[in-house]
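Structure first, commentary second.
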Amino acid sequence: MDSTSKSSSSFSLGRVLVNFLTILIFLATLGVGAVLTAVFINPQLPINPFPPPTLPPLLDFPTSTATLEPTSTPDWTITPTVPTTATETATPVPPTETATPELPTETPSPTQAPFSLQAGSVAATTSWFYGCNWMGVGGHVLDSDNTPLTGYGIQLGGTLDDVPKNMETISGSASDLLGTSGYLFDLADHPIASEGTLWMQMVDVDTGDPLSERIYLTTYDICSKNLLLVNWLKSP
Numbered sequence: 011m012d013s014t015s016k017s018s019s020s021f022s023l024g025r026v027l028v029n030f031l032t033i034l035i036f037l038a039t040l041g042v043g044a045v046l047t048a049v050f051i052n053p054q055l056p057i058n059p060f061p062p063p064t065l066p067p068l069l070d071f072p073t074s075t076a077t078l079e080p081t082s083t084p085d086w087t088i089t090p091t092v093p094t095t096a097t098e099t100a101t102p103v104p105p106t107e108t109a110t111p112e113l114p115t116e117t118p119s120p121t122q123a124p125f126s127l128q129a130g131s132v133a134a135t136t137s138w139f140y141g142c143n144w145m146g147v148g149g150h151v152l153d154s155d156n157t158p159l160t161g162y163g164i165q166l167g168g169t170l171d172d173v174p175k176n177m178e179t180i181s182g183s184a185s186d187l188l189g190t191s192g193y194l195f196d197l198a199d200h201p202i203a204s205e206g207t208l209w210m211q212m213v214d215v216d217t218g219d220p221l222s223e224r225i226y227l228t229t230y231d232i233c234s235k236n237l238l239l240v241n242w243l244k245s246p
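Be aware that the sequence shown starts at 11, since it is given in my numbering, and climbs by one per residue.
Structure (structure tokens):
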């Protein structure tokens with residue numbers, strides 16, 4: 011019984027000693043690891059038994075310093091001021107109405123008068139039926155084939171020796187003196203000279219509308235030319 015107790019006490023003491031040594035070794039390991047880490051980080055620590063050789067100081071080479079050189083200051087230049095020229099503002103012009111071009115109208119061709127003078131008229135001759143104590147105008151009205159036409163109106167107007175004249179007759183009214191379509195105007199009892207103061211034309215006997223252009227007469231103050239013969243020709 012006593013031997014068993016002694017054995018048990020010896021075993022417990024051994025276990026405590028082993029645990030103590032284990033802890034001691036563990037702490038020593040941690041301390042050595044910490045020292046190695048510090049030496050690794052800073053080899054110049056006094057605890058480092060093999061410190062690295064001290065490096066010689068680096069030579070400092072002189073560096074060139076940039077010297078500021080004076081720069082030329084630009085001269086102050088006077089900039090001339092250009093005077094502002096007033097510009098005339100254009101006054102808006104109201105739009106003007108554009109004239110619409112009118113199409114040219116066709117000008118009607120002049121209508122030929124129904125009657126015109128026969129070629130060779132007017133002729134001055136002597137009055138073989140009244141002698142020298144008379145002055146007048148007579149003639150014939152013919153168609154385009156020189157066939158006598160009766161019943162057509164002839165008008166004479168103007169002035170003779172400052173005396174107004176406005177007379178009408180029809181073709182065929184003097185057929186006993188001048189032939190079938192003869193007509194005659196009795197102007198004076200003696201020859202009288204005039205220049206363009208008397209005129210004649212053919213007219214419509216019903217309406218008085220002109221059927222020819224007016225012709226202006228020249229009369230004479232001599233017996234050999236006291237009768238003017240004026241023949242009218244109808245257009246075909």
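Backbone N, C-alpha and C fix where the C-beta goes; we use that ideal spot for every residue, glycine too.
Open item on the list: Please tell me whether S154 and N241 are closer than 7 Å, where the distance is taken between their beta carbons.
Closed with: No. Outside cutoff.
Open item on the list: Can you list, in chain order, the residues of its chain with a C-beta nearer than 7 Å to that of I232? Leave out the 5 residues immediately preceding and following it.
Closed with: P201
- [ ] Flag this pair as yes or no: are the beta carbons of M212 and I225 separated by less than 7 Å?
- [x] Result no, Cβ atoms of M212 and I225 do not sit closer than 7 Å.
TODO: Verify whether the separation of the beta carbon atoms of L194 and L170 is less than 7 Å.
DONE: No. Outside cutoff.
TODO: Please state whether DSSP places T47 in a helix, a strand or coil.
DONE: helix
Open item on the list: On a Cα-Cα basis, can you pick out the residue from I180, G192, V147 that is closest to K235?
Closed with: It is V147 whose Cα lies nearest to the Cα of K235.
Task: Straight-line Cα distance separating L166 from M177 - done: Cα-Cα distance, rounded: 5 Å.
Task: Limits of the unbroken alpha helix (DSSP H) element including S222 - done: Where S222 is concerned, there is no enclosing alpha helix (DSSP H), given that its DSSP letter is neither H nor E.
Task: Beta-ladder partner(s) of S126, from DSSP - done: L243
Task: Rounded separation between G206 and T229 - CA only - done: 9 Å
Open item on the list: Alpha carbons only, please: which of P220, D216, F139 is nearest the one belonging to A184?
Closed with: Considering only alpha carbons, the answer is F139.
Open item on the list: Please identify the residue among Y162, L187, T47 whose C-alpha is closest to the C-alpha of P220.
Closed with: Y162
Task: Selection from F125, L197, P59 that minimises the alpha carbon distance to D172 - done: Among F125, L197, P59, the Cα nearest to that of D172 is on L197.
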